[in-house]
Structures are given as C-alpha cells and as structure tokens.
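Everything on this sheet refers to the single structure shown next.
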Amino acid sequence: MPKPLLLLQSARMSPARMSPAHRAGWLLVAGVLLLWGGLGAFGPARQAAANASLNIRVLFPKTRFSAPSDGRLLLLISKDPSAEPRFQISEDLDTQQVFGMDVNGVQPGQVVTFDPQADGYPVLRLADLPPGDYFVQVLFHRYETFRRSDGHVVKLPMDRGEGQQWNRAPGNTYSTPRQITLNPQRGGTVELSLDQEIPPIPPPPDTKYIKHFKIRSELLSKFWGRPMELGACVLLPEGFDEHPDLRYPLCVFHGHFPYTFDGFRETPPDPDLKPDYSKRFKLTGYNRIQQQAAYDFYKTWTSPDFPRLVIVEIQHANPYYDDSYAVNSANVGPYGDAIMRELIPEIERRFRCIGQGWARFTYGGSTGGWEALAAQIFYPDDFNGCFAACPDPIDFRAYTTVNIYADDNAYVFGGPWKTVPRPGKRDYLGHLQATLQQMNQLELALGSNSRSGGQWDIWQAVYSPVGPDGYPKPIWDKRTGVIDKSVAAYWREHYDLGDILRRNWKTLGPRLQGKIHIYCGDMDNYYLNNAVYLVEEFLAATTDPPYGGEVRYGDRAEHCWNGDPTRPNALSRLRYNEMYVPRIMERLKATAPPGWTMQQGGWVFRPKAAPKP
13 MPKPLLLLQS
23 ARMSPARMSP
33 AHRAGWLLVA
43 GVLLLWGGLG
53 AFGPARQAAA
63 NASLNIRVLF
73 PKTRFSAPSD
83 GRLLLLISKD
93 PSAEPRFQIS
103 EDLDTQQVFG
113 MDVNGVQPGQ
123 VVTFDPQADG
133 YPVLRLADLP
143 PGDYFVQVLF
153 HRYETFRRSD
163 GHVVKLPMDR
173 GEGQQWNRAP
183 GNTYSTPRQI
193 TLNPQRGGTV
203 ELSLDQEIPP
213 IPPPPDTKYI
223 KHFKIRSELL
233 SKFWGRPMEL
243 GACVLLPEGF
253 DEHPDLRYPL
263 CVFHGHFPYT
273 FDGFRETPPD
283 PDLKPDYSKR
293 FKLTGYNRIQ
303 QQAAYDFYKT
313 WTSPDFPRLV
323 IVEIQHANPY
333 YDDSYAVNSA
343 NVGPYGDAIM
353 RELIPEIERR
363 FRCIGQGWAR
373 FTYGGSTGGW
383 EALAAQIFYP
393 DDFNGCFAAC
403 PDPIDFRAYT
413 TVNIYADDNA
423 YVFGGPWKTV
433 PRPGKRDYLG
443 HLQATLQQMN
453 QLELALGSNS
463 RSGGQWDIWQ
473 AVYSPVGPDG
483 YPKPIWDKRT
493 GVIDKSVAAY
503 WREHYDLGDI
513 LRRNWKTLGP
523 RLQGKIHIYC
533 GDMDNYYLNN
543 AVYLVEEFLA
553 ATTDPPYGGE
563 VRYGDRAEHC
573 WNGDPTRPNA
583 LSRLRYNEMY
593 VPRIMERLKA
603 TAPPGWTMQQ
613 GGWVFRPKAA
623 PKP
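Note that my numbering gives residue 557 to position 545 of the sequence shown, counting from 1, and the numbers run on in steps of one.
Put into structure tokens, the structure is as follows:
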C-alpha cells in the first residue's frame, strides 16, 4: 500500500469530519502526496536521494559583492540550449525548471549551499529532479531594506528601470550557464559562481513627439521611507510646438511598465530585422508586424485629420511589481493619489493640457484595463470616460475561476468524493495550459511574501491588508489554496469594483453616466470574461441613472481583445489609440463646457462676453 494511504488511515480526523476549506486543502495535498508516492517520492528512490545529498554550492564573489546582501537565490535548470535558463521560466507548457530560496545577510566571498527543501516549479523539490544532462544557472535577485512610515521594516526588490523583471534587473548577479549531469539519487557537488552582473539600462532618448521625465513623489517617499519617483512617457500631438497658445485634452494609457511610449515608430520597419515567431499568435515575423503597426500609427498621428491631444503612459514600477495598479494600497502605497495629485498635474502643466475632468480620459488593456476602470470609479469627476479592455478581475466573485467569498479553496473544485483542479490558463479552444495551483507555485518558487513580481502576488499586495510581518496578508495559502475569508472581506470592501458600483450606484451613478466602456474576449486566456459578465449584469439593470456606456465581447477572442471585431487579436491589440481616440473626441465635443472651442486641432477658451445691461 502506498504510504499516502497509510497516512490517511492513521489520520485522527477523516475528510468527512473536516470543514470544507480544510477538506479541499487536505485532498489537494493528499493528491500531491499520492503522485509523489507513485514517483518514488516516499520510497527508496527518495530516501537514496536524501542520503546521496546533491549539493549545489553558490559563491558570492568579492568582485561582485562588497557588503552583506539580502535577496532571492534562484537555481535555474533547462533542457533547452536555445537561450539562457533565466529566460525560459514561464507558466506555459514549455517552461523550464526553477528553485528558489531566501538569502539574508550573505557575506562577500561566502559560499551558500542551496536548500534541498527550497520551493520549486514545476518539480517541487530538488530531490525529485529526474536524472539527466542540464544547462544550469544561478541568479541572485537583490533586495533592499525599506523602513516604511507604518513602522514595518521589509526587504523587497526595488525596480531599477527594467519594470520588475528579476531576470533582467540591473545589479542582479548570475552565473554563466553550464551543461552539467545531475542525478539526485547519486548525489555529488556542483559549484557555481555569481560572477556576472546585469548592467544598467540607459534612459530612452526624447524625440519631437515623445518626451520622458520623472518627478519625486512626496506621498510615496513618505510611505516607503526613501526617495520614490514617478515617470511619464508623453506623446505630443502634431503642431504642439507651432501653436503655443493651444491646449489639449489628456489621455492616460494605462498598462505595464513602458520603457518609452509603446507602439509609436517614426521610421519604417527595419529591413534587416530577423523575423521572429509568435507562439501565442502562431505568426512568423510578428516583430515586423509590430514595427509596421507602430509606424502606421505615427503616420496616422501626424496626419491632418487626426485629433490633437496628449497621451501619457505612466512609469509606476514599485517594489512589488512593474506597476502599482494606480490605486492607494496599504502595502504598495498611495499610488492613486500620487498619480492623480502629483504626476498628472505636472504633465498638464508642462504640456499645456486643459487640466479639467471633462478633458481627461483613460484606457488600457489587461492590468491597464483594470486600472482604467478603477481610476474612473475612484476618481469619478477627474475623468470623462474609460475604455477598459480585457480587464483583470473586476468582480471578485469571479477572481478568474475563484469566488473568493463563496469558495473555500482556490485550487480545486470540491465535491463529496473528488476534487478537480481549477484551470488557470487556456487557449481560445479551451485547452488547458496551466492550473491555478501551478501558476501560484511558480510565484512561490520566485519569491516568498508576495515578492515574486508575478500576477497573483501583485493582486495580493495591492488588495490585501498588511500582515503582522509587514508583508501582504495572503488571500489564500500558497501551498494548500485555503482561502482566508477575513482577507476576502477586506478585498470586497476596498477593491472589488463590481461590488463598489453596486453598493454606491446612487451616488456614483450620476458621476459615471456615459463613461464606462468594457471589452473582453469570451475565451480570455485567464477567464477574465467571467467577472465582466457579472459587472455587465449590474450595469445593464441600472435605471437611476442608466449607466449609458457599453460592454462588448469578442467571439472566441483571447486575452487583450479590445473591442475591434474586424481584425484578429494579434493586430487589434496594437491599435488601442487609433480605436479609442475618435470616440473620445465625440464625447469631448458633446460635453465641453461653454467657452471651450476647437481650433487647429487644439482647444482654446474664449468665454462669451456678458450681455450689456
């Protein structure tokens, strides 16, 4: 009889007597134990591996380390020689292997032995790695110490201009990949050195149309206990320099960290560009398609008939993720107010924007889609419309495939006799590519305490209260999936956009009428359409006032569908500005206050003279 079954027989409490949450978590763990038992995890092979002791020894050389250091040490193992292992870790089926452990106060010149119990993905423990020849690499993701204004001291990876990418972050050290035979059952010692360092990223150049700048945020600096900046990548309209008396509407294009303004290219595609292949869209030469779309937008933007306005992409990478979700958060800081009260006024001052709520709009997709809708809801008078495409979960009754209020376990659908893993990622035909548990296990390997830089961890960091240790309080146990209902209640109160609309429509509705527009593919890879259905159900029923916007779905469209049914997703996702700007102009013309008129594409204010008495 396999040992997991013996464990079941000897348990003091049967699954039938457990609470639903603990039963689901117990069954999930039991299923994993059964799988490990079948693979020898609890048999002679596992015992032999433990006795053999495969030692991975990592040198922190004095040439790269001059002081005690904290961070996450990652062991990267790959069967694929086409790229370094650090670039081959993903949630997809072709991912390679990673193990991760925290390292605190490591000294220059010290050798650290990799913990055999370190969390791994997809293989959970080093002892379970199949014997074979691998390309092996280690990487050290550096942490800084933050002494926050709430009294907590935390260690986190500060962004260094790369947008919170652990495998590209300047200052991170790594080893040159080596091909090594690994056999945990036989043991042995492997010695690796963190002798390489990722170099700094040069700032992007300004052009006639694209400007970059940063400001020190006093709000964020006070919260984090150290200087913190916000950045902006600003796209200026044709004629900006030639017409200094004109003023312009502002569009905030939310999304992930932009190095420079995305999707705008002032020269034709590079004729020497080597065509790549997009696995997602099954297209050869997708890099050239992207360059062509960016150049087409430049030609459209500078054409005589295209509306004149200012578009900005915000740089708000932080110690948890490549952007902040543009709201105030107990863990991430007051980014909502910092963006709205510090950064946007500075953008409008520098670039002659109108600076009034009727002349501001926001749009974006995925993370940017959630941010666009959240900014419109939390600052209802500061924007005159939002266009939210494929938004991250906007109703936590459908937090992808989990109802955090009704479900007890995030990783499985539970029944009286069996459990079924919850899906996490699919293709447009519904073929499963990752379970929700696997996606969270990846983040657990990359970082503890919500420090992976991954999607689930940033949601948790933004939405959760602060835990006793100063880090975000988990919405669920990363290993078992058991949901913490007290955290779920906090999420509902503060960040469940659908619930906020339902609770506050009497006061919010009049300030949001005609402003909400949501678009999502009905085969979104991450099941984000499920939450959109719930919000649409409420919006469609509003009468006092009716919401006056629209919600649309793309048939069999995957993630990033943004409302264009005439083009495949691979192309429509490259055209956010061309799609939404004309609709923005329609609303501007319909809602501009008296005295504001268009002139040479920009706007001027000429109040009518008061009638003579």
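Cβ coordinates follow ideal geometry from the N, Cα and C atoms, glycine included.
Note that the structure is predicted; figures quoted are calculated from it, not measured.
Here's the rule: buried if 16 or more other CB atoms are within 10 angstroms of the residue's CB, otherwise exposed. What is residue i?
i	result
S90	buried
S476	buried
E203	exposed
R515	exposed
E598	exposed
Q191	exposed
K167	buried
H328	buried
A61	Legend: pLDDT at A61 = 44, less than 50; position of this residue unreliable, no value from coordinates given.
P605	exposed
E505	exposed
Q119	exposed
Y289	exposed
Q129	exposed
D78	Here the sequence assigns Ser to residue 78, which means Asp is not the residue at that position. Counting Cβ neighbours within 10 Å, S78 comes out exposed, since fewer than 16 surround it.
W11	The requested residue 11 is not part of the displayed model; the chain covers only 13 to 625.
K490	buried
N116	exposed
D508	buried
A418	exposed
D253	exposed
Grab me the residues of residue i's own chain with a C-beta within less than 8 Å of its C-beta, minus the 5 sequence neighbours each way, in chain order.
i	result
E103	G436, K437, Q445, A446, Q450, M451, L454
P594	P319
L600	P261, W370, A371, N396
W503	F408, I416, Y475, S476, I487
Which one of the options has the shortest CA to CA distance from residue i?
i	options	result
Q612	S315, V246, P120	S315
F265	R159, E598, G381	G381
F235	Y310, Q388, I416, F158	F158
K74	Q100, T185, R172	T185
Q108	Y483, E250, F276, S94	S94
D556	K430, D106, K518, E548	K518
G560	G521, I596, V544	G521
E358	C398, G243, A342	G243
Y531	F395, R585, G482	R585
V494	D420, T431, M610	D420
R160	L232, G466, F273	L232
V414	L448, S78, M610, W370	L448
G163	Y507, D481, D284	D481
R98	Y423, N179, Y592, D334	N179
R463	H224, Y483, D308	Y483
R353	T201, I227, M591	I227
P403	R198, L546, V124, F225	L546
So residue i and residue j are in contact, right, with Cβ under 8 Å, and what is the actual spacing, rounded?
i	j	result
P212	P182	5 Å
M535	Y411	Their Cβ separation, rounded to whole angstroms, is 18 Å, which puts M535 and Y411 out of contact at 8 Å.
S378	C572	6 Å
R259	R364	5 Å
P287	R277	Between R277 and P287 the Cβ distance is about 17 Å, and since that is not below 8 Å, they are no contact.
F8	F390	In the structure as shown, the chain begins at 13 and stops at 625. Residue 8 is therefore absent and cannot be evaluated.
G510	G376	In fact, because the Cβ distance is near 18 Å, the residues do not count as touching under 8 Å.
Please work out which residues of its chain come closer than 6 Å, Cβ to Cβ, to residue i, disregarding the five sequence neighbours upstream and downstream, and give them in chain order.
i	result
Y133	V110, Q453, L454, A457
T193	D145
P169	H153, Y155
N330	S336, V344
V499	S476, K485, I487
G466	E455
I470	Y332, Y333
P619	G607
If you drop the 5 nearest sequence neighbours on each side, which residues of the same chain put their C-beta closer than 7 Å to that of residue i?
i	result
H608	Correcting the residue identity first, residue 608 is Trp in this sequence and not His. Same-chain partners within the cutoff: W615, F617.
F293	A582
C96	Note on residue identity: the sequence assigns Glu, not Cys, to residue 96. Answer for E96: Q149, P189, listed in chain order.
L271	The question names Leu, but residue 271 is Tyr in the sequence shown. Counting only Cβ-Cβ distances below 7 Å, and skipping sequence neighbours, we find P216.
F273	I222, C245, L247, E325
E174	R180, A181, P182, I213
S205	L71, P73, S187
G427	none
Using only the heavy atoms of the ligand PLP, determine whether one of them is closer than 7 Å to the beta carbon of residue i.
i	result
L285	Summarising the ligand content, the structure contains no ligands, and the ligand PLP is consequently not present.
Can you confirm whether residue i, when its beta carbon is compared against all beta carbons of chain D, has any partner nearer than 8 Å?
i	result
N396	No chain D is present in this structure, which holds just one protein chain.
To test your reading of the DSSP string, which unbroken beta strand (DSSP E) runs of 3 or more residues are found completely within the region 359-433?
The qualifying runs are 372-377, 398-401, 424-426, 431-433.
Can you check the region 497-545 for any alpha helix (DSSP H) of at least 4 residues that lies completely inside it and give the ranges in chain order?
Counting only runs that start and end inside the region 497-545, the alpha helix (DSSP H) elements of at least 4 residues fall at 497-507, 509-524.
What are the uninterrupted segments assigned as alpha helix (DSSP H) that are 4 or more residues long and contained completely in the region 326-357, given in chain order?
Every alpha helix (DSSP H) of 4 residues or more that sits fully in the region 326-357 is shown, in chain order, as 347-350.
Unbroken alpha helix (DSSP H) runs of length 4 or more, entirely within the region 222-260: which are they?
Note on the region 222-260: whole alpha helix (DSSP H) runs with a minimum of 4 residues are 230-236, in chain order.
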